[in-house]
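With my numbering, letter number 67 in the sequence shown gets 67, and the count goes up by one each step, no holes.
Cβ atoms here follow ideal geometry from the backbone N, Cα and C, with glycine treated the same way.
Structure record follows, encoded as structure tokens.
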Amino acid sequence: MDAAAEYDRLLREFAESRRSPVFDLVFLGMGGDGHTASLFPDSIAILETEMWAIPAFSAALDSWRVTMTPAALSNA
């Protein structure tokens, strides 16, 4: 998904020489199925360690989203 790759590139540009982006605040919600940040239960996306932004598919909405990975979110 091109949008996820572009967002990953922008995060890396924002982070400059750091190993990961640093955020002062990240505001997250939680869906009825327990997902947060479009990281859905039983999704392999939660295991991603290299990318900072990835595409995530919502089966309930039959649509794709772009989300930050746990590797990026854990730096807030």
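Quiz item: Helix, strand or coil for residue 21 per DSSP?
Solution: coil
Practice problem: Please classify residue 55: does DSSP put it in a helix, a strand, or coil? | Solution: strand
Self-check item: Option nearest residue 73 by Cα separation, candidates 46, 57, 3 and 2
Solution: 46
Quiz item: Near residue 75, which residues of its chain fall below 8 Å by C-beta distance, leaving aside the five closest residues on each side in sequence?
Solution: 20, 21, 22 and 23
Self-check item: Exposure of residue 48, with buried meaning 16 or more beta-carbon neighbours within 10 Å
Solution: buried
Self-check item: Beta-carbon spacing of residue 59, residue 69 below 8 Å
Solution: no
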